[in-house]
Amino acid sequence: MDKLDRPPFAITKTRTRFLGLTLDECVQAFFGGNAFVAVVVLGLITFFIFREGSGFFNQNWANLELYRKAGLEFVDHLKQQEEDHTALIRYLFDLRVRTVKHYTDEEGMSLANANKRLMAFDDYSYDFGDAVEPLRGAVMDLGDWVSMVKTRALVTEDRLEEQRQLLAVGKVDEAAAIKIEEIDFGAELQPLLAFRPAYAEINAEFAAGLLRVLALPDPDLPTPELQARLAKFKVLVGGYIEEFPRIEKALLDWDYTKPVPFAKAVSSFAVGGRWLTASFWQDWYGVVPLFTGSLMVSMVALAIAVPLGVGAAIYVNQLAGEREQRFIKPCIEFISAIPSVVLGFFGIAVLGQAIRVLSQWEALSWVPGFPVAERLNALTAGVLLALIAVPTIFTLAEDALQNVPRAFKEASFALGATRLQTILRIIMPAALSGIISAVLLGFGRVIGETMVVLLCAGNRIAIPDFTTGFAAFTQPVHTMTGIIAQEMGEVVQGGIHYRSLFVVGMLLFVIALVINYLAQKIVQRYRISIG
Amino acid sequence: MDSPASSSSTAPGVAPAVPQSSRTETTPTLIDIQNVDFAYGDTKALHDITLQIPEKRVTAFIGPSGCGKSTLLRCLNRMNDLIDGAKVERGSIKIRDIDIYRPDVDVIELRKRVGMVFQKSNPFPKSIYENITYGLRLQGESNKARLDEVVERSLRGAALWDEVKDRLHTSGLGLSGGQQQRLCIARAIAVAPEIILMDEPCSALDPIATAKVEELIHELKEKFTIVIVTHNMQQAARCSDGTAFFYLGKLIEYAETQTIFMNPGNPQTEAYVSGRFG
């Protein structure tokens, strides 16, 4: 007989409790906790980046303020004038190189003879170069002066800061012992203001000097093409001289007391064309060269990776047999497992060299920018980054193609479509949004990639010369990711340079956020359209 | 609903009870299937199928799931080519006396002449207009007037014109299930095939939509030869002229529809059509 101490319909739970929770609740808490940690970490990262970066614009503002007050801005007008002159001298030098090349290559002259033939030209160049002397002297004197003013201002700031810190911990006596030199910018800048009348004279003398040179008989040049270049040089010089009154006016209008608007602190970052740090003259934090670099490298990468990745995805998904699929898919996916530093190493050792050798082939000389001057450039880095983007694009595009219902394909075949027609007219359009989001995520992957660009992009912080067209892609560039990796180790924590790197990081963060958001939006639309 | 199609005047008197059909020919044979064995890799799906499908008539394939009726249907326009390892191992399938499995047959041309409507309606994610013109555009037709004309004719042919004529340029996916299926039929007839294969065209439709499609089948047989696979025996009885019963990859019986349902020659057929198994 059955015992009757158990109720016949025993369905109540026997609960074992742990910390007052049932097993189910424990499991829930464990997994929920994991998910929560991920969200918290993301929040912390965001908060930290923005906190560290946020102070930058104020510091940059002060930086620009000092640039004006200490008179560096004033001297930079003159420096620019001098640099423009130097550029003209370079133009002459370039012309000389071409002429020598003509003499030696075309006319079979020895180098010594060619140089002899160019003596008149050299005299002309020297005269042109010497004309700048009065300006150069003034620039050096004034430059030294304002540099000193700036240094003193910085020292004063440091001392004030030190004093504040001492006072904050209550060391009043020590704080009082710090000598603070108040700087009266108005008085310090007197030499600059007094220079203005003299400048008008110097300018007049300089312009006259240049015109004298232009009036000299043209040095003898062998070909019409070279003569045309000389004529163009004269036009350039004419334009240069016409600028003089504008500079004079800029100096007259210059007022050190005029406050720098805050917008300038932002715009000098956002649209500033110079990234110049730890300079003894003036630091600039303009993100444009880095942004262009990142963008160019990514463009090269996508231009290669999109056809490769999407093409491979179409092949594997639509055309390949099962055995090919089993071979190709892991191969492509394995590329993403290669550490990027290894790829970068490969880029330096093999690819950079290969591109250089390739670019020296006569048959490829029509390619813009070939032969390449630098082994490491945007092209090298972009080609390598393409390798990194291919697996991302391939995998996601393949998913998108896989999600196209098989019924579409069958219907198309049943109507007498060839494979190619089916792929181009049915499969691709149906998977298009998925493919676009794959490309976007591939873009996100390459713009955030650091090691490869740091090793292979050449790391020259300058906006490439786009007047050369596509050849710009064979110039070395620096990137947003690369600059952070390179400079973060050597900056003073809390300093303006440190914060500027965080702002670059913020920019990358925002770009990644926007890309991912767009990709998700597009994929959502895609799901709806399939129904 | 119409009365069963078998009541039509073309119905022959006798129905043989043997698998090999020797039915009286009222219309010439269009599709001639001789001793076909078919296999998916190592799995044999069809055993020694022989049957003749006459022109301008509706022929139904019935049988329980997995009996090979869809496989045979897909052999007729070589849709099975898309499946790895699937092949006809023996026998021949001739359409108008041409063996469609001959190596020099252009599958693309074949499929233009043998259209297909699938079990689940599968309009492309394009507009109604583009769905119907797809087949013609593939053939290079781009004359707008001609395309417009075909769209109207096809939609009228599929009894869909009045319902969609005001929204030809909206997505085909916005139609109801029954409309989508009729759109697929319109798409199939737009390329003017000779034969239309229908693979359980009504299995996902409600009774009213089913009735419309069946009515349509009736009208279509004026112009096309129709082969329809169906699970629904009433449907086979209602709209087909001839019926073939398959079981386990074999053709058990093929005869006039009326014969199959009223006076089947094979006990298995009788068991199936009377609902005792399957």
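Just so you know, the protein sequences line up as chains C and B, in that order.
Basically the numbering used here = 1-based index in the first sequence + 68.
Basically the numbering used here = 1-based index in the second sequence + 910.
Yeah, the Cβ is synthetic: ideal placement off N, Cα and C, and Gly gets one too.
Item: So within the segment 176–200 of chain C, which uninterrupted beta strand (DSSP E) runs reach at least 3 residues, ignoring any that extend past its ends?; Value: none
Item: Helix, strand or coil: which one does DSSP assign to ALA405(C)?; Value: coil
Item: ASN445(C): buried (16+ other C-beta within 10 angstroms of its C-beta) or exposed?; Value: buried
Item: Since I believe THR1135(B) is in contact with LYS966(B) (beta carbons under 8 angstroms), could you give me their beta-carbon distance rounded to a whole number of angstroms?; Value: 6 angstroms
Item: Determine whether the beta carbon atoms of ALA499(C) and ALA457(C) lie at a separation below 8 angstroms.; Value: no
Item: My output table needs one value for SER1081(B): the three-state DSSP class, helix, strand or coil.; Value: strand
Item: Is the distance from the Cβ of LEU1115(B) to the Cβ of GLN1145(B) below 8 angstroms?; Value: no
Item: Quick one, which of LEU261(C), ARG227(C), ALA255(C), PHE263(C) has its alpha-carbon nearest ILE246(C)'s?; Value: ARG227(C)
Item: Of the residues that make up the segment 474–503 of chain C, which ones have a beta carbon closer than 7 angstroms to any beta carbon in chain B?; Value: ALA475, PHE476, GLU478, ALA479, PHE481, ALA482, LEU483, GLY484, ALA485, THR486, GLN489, ILE494, ALA498
Item: At a Cβ cut of 8 angstroms, what residues of the segment 386–397 of chain C count as close to chain B, listed as they run along the chain?; Value: GLY389, GLU390
Item: Taking TYR950(B) as the reference, which of VAL1183(B), ASP991(B), GLN962(B), GLN1029(B) has the closest Cα?; Value: ASP991(B)
Item: Residues in the segment 1009–1028 of chain B with C-beta within 9 angstroms of chain C's C-beta atoms, listed in sequence order?; Value: VAL1017, ILE1018, GLU1019, LEU1020, ARG1021, LYS1022, ARG1023, VAL1024, GLY1025, MET1026, VAL1027, PHE1028
Item: Among THR345(C), THR291(C), LEU261(C), which has the Cα closest to the Cα of ASP323(C)?; Value: LEU261(C)
Item: Can you give the Cα-Cα distance for LEU1020(B) and PHE538(C), rounded to whole angstroms?; Value: 50 angstroms
Item: With 8 angstroms as the limit, tell me which residues of the segment 978–1007 of chain B have their beta carbon closer than that to any beta carbon of chain C; keep them in chain order.; Value: ASN987, MET989, LEU992, ASP994
Item: Kindly say whether ASN1032(B), judged by its beta-carbon, lies nearer than 8 angstroms to any beta-carbon of chain C.; Value: yes
Item: Based on DSSP bridge pairs, tell me the residues matched to ARG1000(B).; Value: ASP947(B)
Item: Give a yes or no on whether the C-beta atoms belonging to LEU982(B) and PHE971(B) are separated by under 8 angstroms.; Value: yes
Item: Of all Cβ atoms in chain C, is any one closer than 8 angstroms to the Cβ of PRO1035(B)?; Value: yes
Item: So is MET657(C) buried or exposed if we call it buried at 16+ other beta carbons inside 10 Å?; Value: Outside the displayed span of chain C (69 to 599) sits residue 657(C), for which this structure offers no information.
Item: Check the DSSP bridge columns for ASP942(B) and list the partner residues they point to.; Value: GLN962(B), LYS1004(B)
Item: Hey, is GLN588(C)'s beta-carbon within less than 8 angstroms of any beta-carbon in chain B?; Value: no
Item: For HIS957(B), name the three-state secondary structure that DSSP assigns.; Value: strand
Item: Step through the CB atoms of chain C and report whether any lies within less than 8 angstroms of the CB of TYR1182(B).; Value: no
Item: Report the neighbours of ALA1087(B) on chain C: residues whose CB is nearer than 8 angstroms to its CB, in chain order.; Value: The amino acid occupying residue 1087(B) in the given sequence is Gly; Ala does not appear at that position. Near GLY1087(B) there are no residues of chain C at all, since even the closest Cβ is about 12 angstroms away, more than 8 angstroms.
Item: Run through DSSP, which three-state label would LEU983(B) get?; Value: helix
Item: Tell me the residue span of the beta strand (DSSP E) that contains GLU250(C).; Value: Here GLU250(C) belongs to no beta strand (DSSP E), and DSSP marks it neither H nor E.
Item: List the whole-angstrom C-beta distance separating ALA369(C) from ALA422(C), where the pair is believed to meet the contact cut-off of C-beta under 8 angstroms.; Value: ALA369(C) to ALA422(C), Cβ: 17 angstroms. No contact.
Item: For a contact meaning CB atoms closer than 7 angstroms, what does LEU1048(B) contact in chain C?; Value: LEU483, GLY484, ALA485, GLN489
Item: Within 10 angstroms of the Cβ of GLY412(C), are there 16 or more other Cβ atoms? Answer buried if so, exposed if not.; Value: buried
Item: Put SER480(C) into one of helix, strand or coil per three-state DSSP.; Value: helix
Item: List, in order along the chain, the chain C residues whose C-beta lies closer than 8 angstroms to that of ARG1097(B)?; Value: ALA479, LEU483
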